[in-house]
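What follows is a short report on a single structure.
Number of protein chains: 2
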Amino acid sequence: MGKLDFAPIADTTRRAEIVALLRRAILTGQLEPGQKLNELRIAEQMRVSRAPLREAMRELVQEGILTSIPYAGTFVIDVTAKDIDDAYSLNKVLDEFAIELTWPLRDQRFFDELDRRHEAVKQATRDRDTTRQIETALQLHGLIHEWADNSVLLETWQRLTSRLQMYFALHQRARKEPVPDEDIHETYVRLLKGADMRAAQSHAREHIGLDFEELLAYARSLEQRDSKGAKADRAGPTRNRPEAS
Amino acid sequence: MGKLDFAPIADTTRRAEIVALLRRAILTGQLEPGQKLNELRIAEQMRVSRAPLREAMRELVQEGILTSIPYAGTFVIDVTAKDIDDAYSLNKVLDEFAIELTWPLRDQRFFDELDRRHEAVKQATRDRDTTRQIETALQLHGLIHEWADNSVLLETWQRLTSRLQMYFALHQRARKEPVPDEDIHETYVRLLKGADMRAAQSHAREHIGLDFEELLAYARSLEQRDSKGAKADRAGPTRNRPEAS
DNA sequence: GAGAAGCAGACTGTCGACAATCTAACAAGA
DNA sequence: TCTTGTTAGATTGTCGACAGTCTGCTTCTC
Numbered sequence: 001m002g003k004l005d006f007a008p009i010a011d012t013t014r015r016a017e018i019v020a021l022l023r024r025a026i027l028t029g030q031l032e033p034g035q036k037l038n039e040l041r042i043a044e045q046m047r048v049s050r051a052p053l054r055e056a057m058r059e060l061v062q063e064g065i066l067t068s069i070p071y072a073g074t075f076v077i078d079v080t081a082k083d084i085d086d087a088y089s090l091n092k093v094l095d096e097f098a099i100e101l102t103w104p105l106r107d108q109r110f111f112d113e114l115d116r117r118h119e120a121v122k123q124a125t126r127d128r129d130t131t132r133q134i135e136t137a138l139q140l141h142g143l144i145h146e147w148a149d150n151s152v153l154l155e156t157w158q159r160l161t162s163r164l165q166m167y168f169a170l171h172q173r174a175r176k177e178p179v180p181d182e183d184i185h186e187t188y189v190r191l192l193k194g195a196d197m198r199a200a201q202s203h204a205r206e207h208i209g210l211d212f213e214e215l216l217a218y219a220r221s222l223e224q225r226d227s228k229g230a231k232a233d234r235a236g237p238t239r240n241r242p243e244a245s
Numbered sequence: 001m002g003k004l005d006f007a008p009i010a011d012t013t014r015r016a017e018i019v020a021l022l023r024r025a026i027l028t029g030q031l032e033p034g035q036k037l038n039e040l041r042i043a044e045q046m047r048v049s050r051a052p053l054r055e056a057m058r059e060l061v062q063e064g065i066l067t068s069i070p071y072a073g074t075f076v077i078d079v080t081a082k083d084i085d086d087a088y089s090l091n092k093v094l095d096e097f098a099i100e101l102t103w104p105l106r107d108q109r110f111f112d113e114l115d116r117r118h119e120a121v122k123q124a125t126r127d128r129d130t131t132r133q134i135e136t137a138l139q140l141h142g143l144i145h146e147w148a149d150n151s152v153l154l155e156t157w158q159r160l161t162s163r164l165q166m167y168f169a170l171h172q173r174a175r176k177e178p179v180p181d182e183d184i185h186e187t188y189v190r191l192l193k194g195a196d197m198r199a200a201q202s203h204a205r206e207h208i209g210l211d212f213e214e215l216l217a218y219a220r221s222l223e224q225r226d227s228k229g230a231k232a233d234r235a236g237p238t239r240n241r242p243e244a245s
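Sequence order for the protein chains is A and B.
Residue 126 in the UniProt record's numbering is what sits at position 126 of the first sequence, and the numbering runs on without skipping anything.
Residue 178 in the UniProt record's numbering is what sits at position 178 of the second sequence, and the numbering runs on without skipping anything.
The following block contains the structure:
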């Protein structure tokens, strides 16, 4: 028999597609932080009953980008400066760990994939497609986590990434100029190809820190604005989180 | 008006209670790894319809202790030696980070809570209650993550803990003698109260390593046994994970 | 007897309807 | 005018039933 490996066919349940749709809507900022998701309306728009929609929402709640309050509703999570700070500081630790694990596993296929993803970022930058630029940049950074051969690490990073992507989208959407960021990733890629692991680790930490400071400042300005009243329609969940212990 | 703070009342939806029930059943080993969860049977036993049960199961899938295959069923995750290895190595990194964050925040309340949880472990040990011993030991180790004031870290650790608790339960259930482990935590607690952060960090790494080796050896022996046939009724999910990208 | 086609049976996925709960507007009383 | 009780509307939580899919057995053919 032939040695051809077939890729598994796509999961074809309504629930899975709803999850993908909702996740994309949230991560690209089409659904704003704090916004309430009306089950009936969304179900009608998607031509789906509420059952699979609700199951999809439960998944996204556990994924950390939605939050649910019993009998009140399900909301897109609110972005606080502290959340961003927390996520980034943990991300640094994970990056360092991922580089350590990936380092001895690097091979030609790794370098090729690294270049491919780097090229995708540059392409998105040329196209002035900010949404895609965020996506591709995160995919570039995700390579070390995928390559590290530690499923728990990968899973953790992906969860963190969801949130970071949300924050970035919020940020990018807010600022006027589409995007400057010419080629910050150049050094990152070069170091990952090099021989000095420590250098790669500390650069990852530095580099991430840069975008971060700007994002954090933006988040803080948002909070200042919000706290001065004018809370708009973004219903503020005031009760406890649904996560039981 | 008075300054009394009321705690938020308990979330009282069937779904939340089902989640708690199922999680406990899985973490204590009442539901074995690989076992399939029959929706109809469980729903009848709990006197609940399938809707909230299914939603609860979606949450636990995202929590990482169940795995779902469309049109085939939902299963308790299988424990592989690699999973344990992955989880533990990440756990070390997280512990180190948590100690770093917690260190400057330690105060009298921290030390009191530390002693309280340490005492709970010793009590469970005296009672020869292995399940509770696992629970309390993990709670003791969780304190640094709770105290670190980083919600993302805490969430990540709790997710990891779920899995570790499962593995521990499996292990404890298997070995004959109830439990030796007199007071390994004594040093850990003392170092956390001390002045040398590095020492505390490296001890956390060492200490965790101990239990780990034993657990890992057990997992490997399990896999050897399984691969020699006799796969029992534990239906092995052979298709792809449901997690779409 | 071996292998393919077809056929129940069981189970998961989805739907529409009902029950429980919350919110906000309104009325009544001090 | 402020507080409290009431009520209607909207929304979420739950239920029972139906449809789609998989699995294992049976049957038929060679």
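Glycine included, each C-beta is placed from N, C-alpha and C at the ideal position.
Just to confirm before moving on: does the CB-CB distance between residue i and residue j stay below 8 Å?
i      : j      : result
B/L90  : A/N91  : no
A/A87  : B/V152 : yes
B/D145 : B/W157 : The amino acid occupying residue 145 of chain B in the given sequence is His; Asp does not appear at that position. Yes. Within cutoff.
B/G29  : B/D78  : no
A/V93  : B/V121 : no
Roughly how many whole angstroms lie between the Cα atoms of residue i and residue j?
i      : j      : result
A/A219 : A/E100 : 31 Å
A/L143 : A/L114 : 7 Å
A/R47  : B/R58  : 21 Å
B/Q139 : B/K36  : 29 Å
B/T102 : B/D112 : 15 Å
B/L164 : A/Y167 : 31 Å
B/I26  : A/E55  : 21 Å
B/E155 : A/R159 : 10 Å
B/L105 : B/A98  : 11 Å
B/L192 : B/D127 : 26 Å
B/I18  : B/L66  : 14 Å
B/A200 : B/R190 : 9 Å
A/F212 : B/D196 : 31 Å
A/Y188 : A/W147 : 16 Å
A/L22  : B/A174 : 43 Å
B/S202 : B/Q45  : 47 Å
B/Q133 : B/E186 : 15 Å
A/H141 : B/H141 : 31 Å
A/S68  : A/E206 : 36 Å
Just confirm the distance between the C-beta atoms of residue i and residue j, as a whole number of angstroms; I'd bet it's less than 8 Å.
i      : j      : result
B/S162 : B/G73  : Contact flag wrong, Cβ pair sits at about 20 Å.
B/T125 : B/A169 : That belief does not hold up - the Cβ atoms of B/T125 and B/A169 are roughly 16 Å apart, past 8 Å.
B/V61  : B/L31  : Contact doesn't hold; Cβ gap of about 14 Å is too wide.
B/P52  : B/R15  : 4 Å
B/A43  : B/L216 : With 8 Å as the limit, B/A43 and B/L216 do not qualify as a contact, their Cβ atoms being about 37 Å apart.
A/E39  : A/R50  : 5 Å
B/D83  : B/I208 : That pair is no contact at about 16 Å.
Within 10 Å of its beta-carbon, does residue i have 16 or more other beta-carbons around it, so buried, or fewer, so exposed?
i      : result
A/I184 : exposed
A/E135 : buried
B/T12  : exposed
A/G194 : exposed
A/R109 : exposed
B/R117 : buried
A/S245 : Because the pLDDT of A/S245 is 26, which lies under 50, any placement of that residue in the model is unreliable, and the number read from its coordinates should be weighed accordingly. Its Cβ having fewer than 16 others within 10 Å, A/S245 is exposed.
B/A20  : exposed
A/S221 : exposed
Is any beta-carbon of chain B found at less than 8 Å from that of residue i?
i      : result
A/S202 : no
A/R24  : no
A/D83  : yes
A/F97  : yes
A/N38  : no
A/R132 : no
A/S89  : yes
A/E59  : yes
A/V152 : yes
Should residue i be flagged as near chain A, meaning a C-beta pair shorter than 8 Å?
i      : result
B/P70  : yes
B/Q62  : yes
B/T156 : yes
B/V93  : yes
B/E113 : no
B/E55  : yes
B/T102 : no
B/V48  : no
B/A120 : no
B/T13  : yes
B/D86  : yes
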